[in-house]
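Peer 1:
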Amino acid sequence: MHTPATAAAAIRTVGVTKKRGALTVLSNVSVEVPRGQVVALLGPSGAGKSTLLRCINHLETIDAGRIFVEGDLIGYRERGDVLHELPDEASSRQRRRIGMVFQSFNLFRHLTAIDNVMAGPVHVLGMPRTQALALAQKLLAQVGLAEKAGSYPNQLSGGQQQRVAIARALAMQPTVMLLDEPTSALDPELSQEVIAAIRQLAAQGLTLMIATHEMAIARDFADRVLFMVQGEVVEDAPAREFFTAPRHERAKVFVARHE
Amino acid sequence: MSSTTVAPHPAAAPQRIVHRRHWGAWAFGIVVLLLFAALLKAAASARIVDLGVVGQYIFSEQIVTGAVNSLLLGSVALLIAVAVGLVAALMRVSGNPILVAFSATYVYLFRGTPMLIQLIFWFNAFPTMFKTLHIELFGQVLLSVPMTQVITPYGAALLGLSLAEGAYMAEIIRGGILAVDAGQRDAARSLGMTTAQLMRRIVIPQASRIIVPATGNQYIMLLKSTSLASAIGYLELLRITTDIYASNFRVVELLAVAGFWYLVMTALATALQTGLEKRFPHR
Numbered sequence: 111m112h113t114p115a116t117a118a119a120a121i122r123t124v125g126v127t128k129k130r131g132a133l134t135v136l137s138n139v140s141v142e143v144p145r146g147q148v149v150a151l152l153g154p155s156g157a158g159k160s161t162l163l164r165c166i167n168h169l170e171t172i173d174a175g176r177i178f179v180e181g182d183l184i185g186y187r188e189r190g191d192v193l194h195e196l197p198d199e200a201s202s203r204q205r206r207r208i209g210m211v212f213q214s215f216n217l218f219r220h221l222t223a224i225d226n227v228m229a230g231p232v233h234v235l236g237m238p239r240t241q242a243l244a245l246a247q248k249l250l251a252q253v254g255l256a257e258k259a260g261s262y263p264n265q266l267s268g269g270q271q272q273r274v275a276i277a278r279a280l281a282m283q284p285t286v287m288l289l290d291e292p293t294s295a296l297d298p299e300l301s302q303e304v305i306a307a308i309r310q311l312a313a314q315g316l317t318l319m320i321a322t323h324e325m326a327i328a329r330d331f332a333d334r335v336l337f338m339v340q341g342e343v344v345e346d347a348p349a350r351e352f353f354t355a356p357r358h359e360r361a362k363v364f365v366a367r368h369e
Numbered sequence: 228m229s230s231t232t233v234a235p236h237p238a239a240a241p242q243r244i245v246h247r248r249h250w251g252a253w254a255f256g257i258v259v260l261l262l263f264a265a266l267l268k269a270a271a272s273a274r275i276v277d278l279g280v281v282g283q284y285i286f287s288e289q290i291v292t293g294a295v296n297s298l299l300l301g302s303v304a305l306l307i308a309v310a311v312g313l314v315a316a317l318m319r320v321s322g323n324p325i326l327v328a329f330s331a332t333y334v335y336l337f338r339g340t341p342m343l344i345q346l347i348f349w350f351n352a353f354p355t356m357f358k359t360l361h362i363e364l365f366g367q368v369l370l371s372v373p374m375t376q377v378i379t380p381y382g383a384a385l386l387g388l389s390l391a392e393g394a395y396m397a398e399i400i401r402g403g404i405l406a407v408d409a410g411q412r413d414a415a416r417s418l419g420m421t422t423a424q425l426m427r428r429i430v431i432p433q434a435s436r437i438i439v440p441a442t443g444n445q446y447i448m449l450l451k452s453t454s455l456a457s458a459i460g461y462l463e464l465l466r467i468t469t470d471i472y473a474s475n476f477r478v479v480e481l482l483a484v485a486g487f488w489y490l491v492m493t494a495l496a497t498a499l500q501t502g503l504e505k506r507f508p509h510r
């Protein structure tokens, strides 16, 4: 691993394995992401990129290993040498500081853009509505959608929906953001506005883990690339190095195809 | 027409356009009119409804009381049915095999047998099976009354209609919950919402746009199903109506009066449904 291990890693996975029936979706994944790093997860479809992200905030259970975010063991409590899954309440509490952005946006359809952004602060943190409103307005302005506050998701373009989704995640003031193929459902033009919003997150010093097929993200502002094949991280390299001198066979093919 | 026969001025406007005519529908329309005329002719030669009798009863205290009783019975039964249905639906989607089986069996039994049989069961059979209602907690007797005091015609009707309707509501609510896609839950969870919070804030409000119209439909059915309670002697609209015409033989007039009040109730329910649907628009 090219980054030194630190106690205060933003994300640390230790031997994470996940099975679905007979299929091993994640195989012994050990990764350490220091604070503020932007990590691009690359690899063919079905390599386990999304699953890894979903395990990091315990949207999915794991079958072996441990995941730490900001030093906290995620989703489980260790007693002796046994991991016991945490109750719903405790897992939910851990997710507050882990933002997530989805491929299909998943904006709450019955709420306007501003209400989507306010949902977390108001219902989860119990923030007063006036304060949450001010925060949400600020965040919508940050992603360039101040004038769309009253629009419902079905009145917004895909790119606008994804930017609202980014603002919604930011409203919880996360330290870590997981982005699961954030531009895969968008045409190239709309991707650009979403990429700009993500670039801003990176500039703010958030720790980002981005599963993507978008080379612009990986090439332009990712610090590091994790290349996954069949549930395994087969290459872990600084982004520049990955694109100029990939080592793994599959990575070479992948980089050549995306030249 | 092949392109070689096109006139030398292709840009010229056509003389006239004749659109397709729906001759079949017109022919059927004429048949409907003829049948309706035959019906009117038969009605004209039938015994005329005595509007005086209708007017005498339509706003009479007895009839209005019956209508109010029906409206209350149907409305309270719907409220209980929604609560019962919500619990049964949540059990059904919980994934716990005991809760799923319990809920599925409840729906099968109460939706699968006629409402009239259920009402008669609660009123006639149930009190003979359990003679007293006895509630005891830690040796302390909280309640001990003869079952016949609890199971009045109203009590039996309310119990029967609520439980039967609850089975239908369970299926409606379950359908609504399943229609909300999993991504909505993922997003709510990723913000830190607990299962209870995401159900209340995200899933149920979105499921409502499916549940509300169907519930309005059930409300109308239930208001009319209150007439089944006439069979167990509850003085709702139909029972009062039949009691009156049993003594004065004005069957046609009194059925017209009852029909009028059921239509009024249906209009109320429809207005309520329309109002509620505006609160849960489709997005």
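Going down the list, the protein sequences come from chains A and B.
So the first sequence is residues 111 to 369, counted in this note's numbering.
So the second sequence is residues 228 to 510, counted in this note's numbering.
Backbone N, C-alpha and C define an ideal beta-carbon position, used for all residues, glycine too.
The structure presented is a predicted model; accordingly, all values stated were derived computationally and were not measured.
(1) Looking only at its chain, what residues have a beta carbon closer than 6 Å to the beta carbon of I467(B), apart from the 5 residues adjacent to it on each side?
(2) Are any of the Cβ atoms in chain B nearer than 8 Å to that of R203(A)?
(3) Which value, in whole angstroms, describes the spacing of the CA atoms of N395(A) and G339(B)?
(4) Pick helix, strand or coil for E463(B), following the three-state DSSP scheme.
(5) Is the CB of S229(B) under 8 Å away from at least one CB in chain A?
(6) Can you tell me whether DSSP reads K129(A) as helix, strand or coil?
(7) Would you call the CB atoms of M342(B) and F329(B) closer than 8 Å?
(8) G175(A): which of V126(A), E142(A) and K362(A) sits nearest, CA to CA?
(9) Name the one or two DSSP bridge partners that Q367(B) has.
(10) Quick one: using the 10 Å Cβ neighbour count with 16 as the cut-off for buried, is L215(A) buried or exposed?
(11) Straight-line CA distance for M338(A) to K159(A)?
(12) In terms of DSSP beta bridges, what is A174(A) paired with?
(13) For M111(A) and V148(A), what's the separation of their Cα atoms in angstroms?
(14) With 8 Å as the threshold, decide whether the Cβ of M282(A) is near any Cβ in chain B.
(15) For a contact defined as C-beta to C-beta under 8 Å, what are the partners of M210(A) on chain B?
(16) Ends of the alpha helix (DSSP H) at G209(A)?
(17) Taking a contact to mean a Cβ-Cβ separation below 8 Å, would you say A406(B) touches I437(B) in this structure?
(18) Does the beta-carbon distance from F364(A) to L152(A) come in below 8 Å?
(19) If we count the other Cβ atoms within 10 Å of its Cβ and call it buried at 16 or more, is V372(B) buried or exposed?
(20) Out of R329(A), D198(A) and Q241(A), which has the shortest C-alpha to C-alpha gap to A415(B)?
(21) With a threshold of 8 Å, are at least 3 pairs of Cβ atoms found where one atom belongs to the segment 469-487 of chain B and the other to the segment 412-429 of chain B?
(22) CB-CB under 7 Å to A366(A), same chain, minus the five flanking residues each way: which ones, in chain order?
(23) Does M356(B) pass the burial test, meaning 16 or more other C-beta atoms within 10 Å, or should it be called exposed?
(24) At a Cβ threshold of 8 Å, is F178(A) touching chain B?
(25) What's the C-alpha gap between I275(B) and L346(B)?
(26) Show which residues of chain B have a CB atom less than 8 Å away from the CB atom of R219(A).
(27) Taking C-beta pairs closer than 7 Å, name the residues in chain B that G236(A) reaches, listed in chain order.
(28) Using a 10 Å radius around the Cβ and a threshold of 16 neighbouring Cβ atoms, would you call D173(A) buried or exposed?
(29) To which residues does DSSP link D346(A) through a beta bridge?
(30) Look at V88(A) and V343(A) and say whether their C-beta atoms are less than 8 Å apart.
(31) Look at the alpha carbon of Q252(A) and the alpha carbon of L243(A), and state the distance between them as a whole number of angstroms.
(32) If you follow the beta strand (DSSP E) that R187(A) is in, where does it begin and where does it stop?
(33) Answer with buried or exposed for Y335(B), where buried requires no fewer than 16 other C-beta atoms within 10 angstroms of its C-beta.
(34) Which stretch, first to last residue, makes up the alpha helix (DSSP H) that contains D330(A)?
(35) Which residue wins for smallest C-alpha separation from V232(A), given the options D290(A), A281(A), V335(A) and P356(A)?
(36) How far does the beta strand (DSSP E) with I320(A) in it reach, from first residue to last?
Peer 2: Let me lay it out:
(1) The count along the second sequence starts at 1 and reaches residue 467(B) at position 240. Excluding sequence neighbours, I467(B) sits near Q289 and G293.
(2) Start at 1 with the first residue of the first sequence, and residue 203(A) comes out as number 93. With its beta carbon less than 8 Å from one in chain B, R203(A) belongs to the interface.
(3) The shown model of chain A, from 111 to 369, leaves out residue 395(A), and the question about it has no answer.
(4) Counting from one through the second sequence, the residue named residue 463(B) turns up at place 236. In this structure, E463(B) counts as coil in the three-state DSSP scheme.
(5) Position 2 of the second sequence, counted from the start, is the residue given in the question as residue 229(B). Low confidence applies to S229(B): its pLDDT is 49, below 50, so where it sits in the model is not reliable, and the reading given next is rough at best. Closer than 8 Å: no.
(6) Here residue 129(A) is taken as the residue at index 19 of the first sequence, counted from 1. Here K129(A) sits in strand by DSSP.
(7) Taking the second sequence and counting its residues from 1, the one referred to as residue 342(B) is at position 115. Taking the second sequence and counting its residues from 1, the one referred to as residue 329(B) is at position 102. The answer is no: Cβ separation not under 8 Å.
(8) The sequence position of residue 175(A) within the first sequence is 65, counting from 1. Minimum Cα distance to G175(A) is reached at V126(A).
(9) Indexing the second sequence from 1 puts residue 367(B) at position 140. According to DSSP, Q367(B) bridges with L364(B).
(10) Reading the first sequence from its first residue, position 105 is the one you call residue 215(A). According to the sequence shown, residue 215(A) is Phe rather than Leu. By the neighbour-count rule (16 or more Cβ atoms within 10 Å), F215(A) is buried.
(11) To locate residue 338(A), count along the first sequence from 1; it is residue 228. To locate residue 159(A), count along the first sequence from 1; it is residue 49. In a straight line, the C-alpha of M338(A) is about 7 Å away from that of K159(A).
(12) For the purposes of this step, residue 174(A) is taken as the residue at position 64 of the first sequence. Paired residues: T127(A).
(13) Taking the first sequence and counting its residues from 1, one reaches residue 111(A) at position 1. Taking the first sequence and counting its residues from 1, one reaches residue 148(A) at position 38. Residue placement at M111(A) is poorly supported in this model, since its pLDDT is 42, which falls under 50; the coordinates still yield a value, given next. So the two alpha carbons sit approximately 15 Å from each other.
(14) As a first step, residue 282(A) must be located in the first sequence, where it is residue number 172. Yes, M282(A) lies at the interface with chain B (some Cβ there is under 8 Å from its Cβ).
(15) Numbered from its first residue, the first sequence carries residue 210(A) at position 100. Near M210(A) (Cβ distances below 8 Å), the residues of chain B are D413, A414 and S417.
(16) For this step, residue 209(A) is matched to residue 99 along the first sequence. Per DSSP, G209(A) belongs to no alpha helix (DSSP H); it is in the beta strand (DSSP E), I208 to V211.
(17) Looking up residue 406(B) in the second sequence gives position 179. Looking up residue 437(B) in the second sequence gives position 210. The answer is yes: Cβ separation under 8 Å.
(18) Taking the first residue of the first sequence as 1, we reach residue 364(A) at position 254. Taking the first residue of the first sequence as 1, we reach residue 152(A) at position 42. Result yes, Cβ atoms of F364(A) and L152(A) sit closer than 8 Å.
(19) Taking the first residue of the second sequence as position 1, residue 372(B) is located at position 145. Per the 10 Å Cβ criterion, exposed.
(20) Locating residue 415(B) in the second sequence gives position 188, counting from the first residue. It is D198(A).
(21) At 8 Å Cβ cutoff, the stretches do not touch.
(22) On the first sequence, residue 366(A) is found 256 positions in, with the first residue counted as 1. If we look at A366(A) and ignore the five residues flanking it on each side, it has no Cβ neighbours.
(23) If you number the second sequence from 1, residue 356(B) lands on position 129. By the neighbour-count rule (16 or more Cβ atoms within 10 Å), M356(B) is not buried but exposed.
(24) Locating residue 178(A) in the first sequence gives position 68, where the first residue counts as 1. No, F178(A) does not count as interfacial toward chain B.
(25) Against the second sequence, residue 275(B) aligns to sequence position 48. Against the second sequence, residue 346(B) aligns to sequence position 119. If you take the alpha carbons of I275(B) and L346(B), they lie about 37 Å apart.
(26) What you label residue 219(A) is simply residue 109 of the first sequence in a count that begins at 1. The answer, in chain order, is Q411, Q433 and R510.
(27) Looking up residue 236(A) in the first sequence gives position 126. Neighbours of G236(A) on chain B: none; closest Cβ ~11 Å, over 7 Å.
(28) Counting from one through the first sequence, the residue named residue 173(A) turns up at place 63. Answer is exposed; the Cβ neighbour count stays below 16.
(29) Mapped onto the first sequence, residue 346(A) falls at position 236. Its beta-bridge partners are L336(A).
(30) A question about residue 88(A) goes unanswered here, because the residues of chain A that appear run from 111 up to 369.
(31) Position 142 of the first sequence, counting from 1, holds the residue named residue 252(A). Position 133 of the first sequence, counting from 1, holds the residue named residue 243(A). Their Cα atoms are separated by approximately 14 Å.
(32) As a first step, residue 187(A) is located in the first sequence; it is residue number 77 there, counting from the start. Run containing R187(A): Y186 to R189, per the beta strand (DSSP E) assignment.
(33) Here residue 335(B) corresponds to residue number 108 of the second sequence, with the count starting at 1. By the 10 Å Cβ count, Y335(B) comes out exposed.
(34) The count along the first sequence starts at 1 and reaches residue 330(A) at position 220. It spans M325 to D330 - the alpha helix (DSSP H) in which D330(A) sits, taken as one unbroken run.
(35) Taking the first residue of the first sequence as position 1, residue 232(A) is located at position 122. When each option's Cα is compared against that of V232(A), the closest is A281(A).
(36) As a working note, residue 320(A) is residue 210 in the first sequence. First-last of the beta strand (DSSP E) with I320(A): T317 to A321.
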